[in-house]
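Novice:
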Amino acid sequence: MPKYNNKIIAILGPTASGKTRLAVELAEKFNGEIVSADSRQVYRGMDIGTGKDLDEYTVPYHLIDVASPKISFDLAKYQKMAFRAIGDILKRGKLPILAGGSGLYLQAVVDNYKLSEAKKDLALRKKLEKLSAVELFLKLKSLAPKIAAKLNQSDKNNKRRLIRYLEILSQDENFKNRKGRRKYETLLIGVKFNKNILQQRIFKRLLERLKEQNMIGEIENLRSNGLSWKKLENFGLEYRFIGWYLQGKLPYDEMVKKLNIAIYQFAKRQLTWFKRWEKQGAKINWVKDNKKAEKLVKEFLK
RNA sequence: GGCCUGAUAGCCAAGCGGUAAGGCGAGAGUCUGCAAAACUCUUAUGCGUGGGUUCAAUUCCCACUCAGGCCU
């Protein structure tokens with residue numbers, strides 16, 4: 041009989057909130073292993089910019105360094121690998137600790153999203169990308185009026201999402217979004233700071249990465265390994281802004297300033313996701329210190 | 001002391017007689033295969049101050065204040 045049955049812990053929070061440290065501490069105390077829930081830490085060679093902090097891990101970790109940055113990764117792959125890793129950890133009688141800031145990835149695992157079978161169709165995407173949002177929307181409307189009617193202003197203008205709808209419809213005419221039953225009993229722990237402190241932590245960390253950790257060198261390395269500027273830009277934040285800097289599109293000081301703002305804006309978007317998850321009924325236990333988290337876990341595992 | 005130019009939201013900035021573009025930032029959101037991505041909404045009853053002209057002024061005129069430049 042496995043010790044932890046089907047219980048898992050999930051540690052979430054905005055960037056620069058110290059999730060990794062907390063996750064490692066808990067893993068040490070409760071015989072756990074960490075499953076990263078970070079859409080960028082899956083890539084090899086992207087360490088400083090994504091804040092992998094591999095030297096902090098004193099326990100086994102999963103879903104870090106599992107993909108090449110040259111090959112696109114996505115939610116479906118993540119979900120599959122995460123389920124596999126969690127199942128494996130549980131089988132060995134240990135406690136899986138999901139930890140990360142990618143809200144969608146986290147929720148897809150915790151709430152057991154039933155993703156469409158429709159695979160990505162590069163040729164179709166390329167074709168559709170040439171159309172405007174309005175054209176894409178009209179196309180969707182004629183193919184699936186019910187889905188189109190449900191879209192809000194934001195989705196109607198979002199080409200990327202419209203294209204995915206059309207892509208799914210081309211392979212699966214009657215799909216709908218579904219959540220499965222939760223696979224695991226999950227304790228959600230959120231790490232949060234007030235905005236000023238978060239802002240300070242972000243800026244401080246950014247300067248450390250630039251001045252002490254040679255983050256720019258990391259990006260130059262990725263380049264010399266053949267990663268395109270476009271790929272770098274698409275990874276966002278440090279990879280995007282430093283990429284622009286290296287191409288001479290931004291002077292250094294401006295790059296630092298704009299990147300800092302972008303990271304903070306990202307942190308706010310993460311928080312928005314978590315708020316939304318709560319509105320949907322998730323119980324997130326927000327903690328200020330690791331002691332409190334430990335207590336929650338102890339209680340949860342009883 | 002004299003002359004010139006400018007003064008529009010937190011910042012940058014367009015408008016120059018008919019009732020305040022845009023960008024950035026900020027705030028709030030959307031989200032089921034690119035999610036650190038992509039996308040949406042909100043954000044000046046007000047245009048340095050005081051007068052005047054006009055049906056109507058942020059736009060024209062006068063004075064003042066401040067800033068920058070030039071001259072003595």
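Taking this note's numbering, the leading residue of the first sequence gets 41, the next gets one more, and so forth. Even glycine gets a Cβ: it sits at the ideal position worked out from N, Cα and C. Keep in mind that this is a model prediction, so the values were computed, not measured.
For Phe95, is the classification buried or exposed, using 16 other Cβ atoms within 10 angstroms of its Cβ as the cut-off for buried?
Specialist: In the first sequence, counting from the first residue as 1, residue 95 sits at position 55. The identity of residue 95 in the sequence shown is Asp, whereas the question assumes Phe. That one is exposed.
Novice: Using the Cα positions of Leu283 and Met86, report the straight-line distance between them to the nearest angstrom.
Specialist: The residue you call residue 283 lines up with position 243 of the first sequence. The residue you call residue 86 lines up with position 46 of the first sequence. The sequence given here places Gly at residue 283; Leu does not occur at that position. Going by the C-alpha atoms only, they are around 13 angstroms apart.
Novice: Taking its Cβ as the centre, do 16 or more other Cβ atoms sit within 10 Å of Thr98, making it buried, or is it exposed?
Specialist: Indexing the first sequence from 1 puts residue 98 at position 58. Taking all protein chains shown into account, Thr98 has fewer than 16 neighbouring C-beta atoms within 10 Å of its C-beta and is therefore exposed.
Novice: Helix or strand or just coil, what does DSSP make of Pro42?
Specialist: Here residue 42 corresponds to residue number 2 of the first sequence, with the count starting at 1. Note on Pro42: pLDDT 47, under 50, position unreliable in the model; no value is reported.
Novice: Write down the C-beta distance between Phe177 and Val149 rounded to the nearest angstrom, noting that I regard them as a contact closer than 8 angstroms.
Specialist: As a first step, residue 177 must be located in the first sequence, where it is residue number 137. As a first step, residue 149 must be located in the first sequence, where it is residue number 109. At roughly 31 angstroms, the Cβ-Cβ gap does not stay under 8 angstroms, so Phe177 and Val149 are not in contact.
Novice: Going by DSSP in three states, Leu171 sits in which element: helix, strand or coil?
Specialist: One-based indexing of the first sequence puts residue 171 at position 131. Leu171: coil per DSSP, three-state reduction.
Novice: Measure the CB-CB distance between Met255 and Gly140 and report whether it falls below 7 angstroms.
Specialist: Indexing the first sequence from 1 puts residue 255 at position 215. Indexing the first sequence from 1 puts residue 140 at position 100. The Cβ atoms of Met255 and Gly140 lie no closer than 7 angstroms to each other.
Novice: Starting from Asn330 and walking both ways along the alpha helix (DSSP H), at which residues does that stretch end?
Specialist: Here residue 330 corresponds to residue number 290 of the first sequence, with the count starting at 1. Run containing Asn330: 330 to 341, per the alpha helix (DSSP H) assignment.
Novice: Please classify Asp4 as buried or exposed, where buried requires at least 16 other C-beta atoms within 10 Å of its C-beta.
Specialist: There is simply no residue 4 to check, as the chain begins at 41 and stops at 342 in what is shown.
Novice: Got a sec? Which residues, its chain only, sit under 6 angstroms from Trp326 by beta carbon, not counting five neighbours each side?
Specialist: Along the first sequence, read from residue 1 onward, the residue named residue 326 stands at position 286. Here the set comprises Gly230, Lys232.
Novice: Taking the continuous beta strand (DSSP E) assigned at Pro136, which residues delimit it?
Specialist: Position 96 of the first sequence holds residue 136. That run of the beta strand (DSSP E) goes 135 to 140.
Novice: Could you pull the start and end residues of the beta strand (DSSP E) that Val82 belongs to?
Specialist: On the first sequence, residue 82 is found 42 positions in, with the first residue counted as 1. Careful: Val82 lies outside any beta strand (DSSP E) and carries neither H nor E.
Novice: Rounded to the nearest angstrom, what separates Leu227 and Val82 at their Cα positions?
Specialist: For this step, residue 227 is matched to residue 187 along the first sequence. For this step, residue 82 is matched to residue 42 along the first sequence. Roughly 23 angstroms separates the two Cα atoms.
Novice: Measuring CA to CA, which of Asn152, Gln253, Lys117 is closest to Ala107?
Specialist: The residue you call residue 107 lines up with position 67 of the first sequence. Of Asn152, Gln253, Lys117, the residue nearest in Cα terms is Lys117.
Novice: According to DSSP, simplified to helix, strand and coil, what is Ala322?
Specialist: Taking the first residue of the first sequence as 1, we reach residue 322 at position 282. Residue state, collapsed to three classes: coil.
Novice: What residues in its chain sit with their C-beta under 8 angstroms from that of Val64, if we drop five residues either side in the sequence?
Specialist: Numbered from its first residue, the first sequence carries residue 64 at position 24. Counting only Cβ-Cβ distances below 8 angstroms, and skipping sequence neighbours, we find Ile74, Glu96, Tyr97, Thr98, Val99.
Novice: Return the chain-ordered list of same chain residues with a C-beta closer than 6 angstroms to the C-beta of Met41, the five sequence neighbours on each side being excluded.
Specialist: For the purposes of this step, residue 41 is taken as residue 1 along the first sequence, with counting starting at 1. Model confidence at Met41 stands at a pLDDT of 43, short of 50, so the residue's coordinates are unreliable; what they give is reported in the following sentence. Excluding residues within five positions, none has a Cβ falling inside 6 angstroms.
Novice: Just to confirm the assignment: which complete alpha helix (DSSP H) runs, minimum length 4, are found wholly within the segment 148 to 233?
Specialist: Qualifying alpha helix (DSSP H) stretches, in chain order: 162 to 169, 173 to 183, 185 to 190, 193 to 196, 199 to 211.
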